[in-house]
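Chains as they are written, first to last, in our numbering: chain F, 1 to 111; chain H, 1 to 119.
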């Protein structure tokens with residue numbers, strides 16, 4: 001059971017908009033914590049998609065965006081494409097546990 | 001563009017020591033970065049193991065601290081993980097990653113290496 005809660009799976013048709021939630025607590029998703037998002041395709045290195053709640057690293061398409069409100073964060077994917085099929089993980093630092101924590105991951109399927 | 005590559009035995013005996021190395025290219029382990037180990041198993045998902053700074057300062061997951069050592073070898077430009085007294089619960093895909101000094105995100109990752117603990 002992960003400290004950060006994500007839905008196990010979401011799906012959508014090409015071109016649609018998907019959102020993935022990441023729910024935590026004040027010790028890991030709050031005003032003093034940053035949430036990051038990763039895309040992982042099996043056999044490949046995980047890829048940082050969003051850092052510090054809303055920021056995209058260079059090279060990440062603007063179809064990916066992040067937001068945070070209270071103790072929940074979200075990743076949105078617009079204009080869904082076939083190569084967006086992957087598992088997406090959220091991550092933050094937990095000030096009570098004193099280490100980095102991850103969500104269990106959300107598998108995205110493009111119908 | 002930094003590249004990270006994990007290497008080491010894919011099979012470790014119970015009660016033995018798991019030893020992995022992360023080779024770094026495109027960057028120096030002597031730079032002001034945190035060099036990190038993360039593992040992934042079906043049971044626990046992604047689990048942060050620990051990290052080491054270029055000057056040797058290290059942070060470990062409290063649940064693993066008694067068994068983990070992370071070290072850096074500047075001459076070979078790699079960093080290493082040792083996990084002692086392993087059990088089947090330590091079977092996982094092990095990833096190395098890089099974190100910027102002031103960030104809390106892992107900006108670059110290796111592809112991971114599977115380690116199975118079995119006799």
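Cβ coordinates follow ideal geometry from the N, Cα and C atoms, glycine included.
Item checked: Residues that residue 116(H) bridges to, as DSSP identifies them -> 11(H)
Checklist line | Pick from 68(H), 87(H), 30(H) that is closest to residue 13(H), judged by C-alpha positions | finding: 87(H)
Check: Just by C-beta distance, which residues in the stretch 59-88 of chain F are closer than 7 Å to chain H?
Finding: none
Notebook entry, point to check: By how many angstroms is the C-alpha of residue 10(H) removed from the C-alpha of residue 32(F)?
Noted result: 39 Å
Notebook entry, point to check: For the stretch 31-55 of chain H, which residues have a CB atom closer than 7 Å to at least one CB atom of chain F, in sequence order?
Noted result: 45, 46, 48
Checklist line | Top-ranked residue by Cα proximity to residue 42(H), from 1(F), 93(F), 18(F) | finding: 1(F)
Check: The beta strand (DSSP E) with residue 59(H) in it runs from where to where?
Finding: 58-60
Next item on the list: Out of 66(H), 33(H), 18(H), point me to the one whose CA is closest to residue 53(H)'s CA.
Entry: 33(H)
Margin query: Which of the three DSSP states is assigned to residue 113(F) in this structure?
Written below: Because chain F here runs from 1 to 111, residue 113(F) falls outside it and cannot be looked at.
Notebook entry, point to check: Does the distance from the C-beta atom of residue 9(F) to that of residue 78(F) stay below 8 Å?
Noted result: no
Item checked: Beta-ladder partner(s) of residue 46(H), from DSSP -> 40(H)
Checklist line | Proximal residues of chain F, C-beta to C-beta of residue 111(H) below 8 Å | finding: 43, 44, 45
Note to self: Does residue 26(F) pass the burial test, meaning 16 or more other C-beta atoms within 10 Å, or should it be called exposed?
What the structure shows: exposed
Check: Helix, strand or coil for residue 13(F) per DSSP?
Finding: coil
Next item on the list: Work out the CA separation of residue 19(F) and residue 64(F) for me, nearest whole Å.
Entry: 10 Å
Note to self: Between 15(F), 95(F), 102(F), which has its C-alpha nearest residue 30(F)'s C-alpha?
What the structure shows: 95(F)
Margin query: Under 8 Å: do the stretch 15-29 of chain H and the stretch 55-70 of chain F share three or more Cβ pairs, one atom per stretch?
Written below: no
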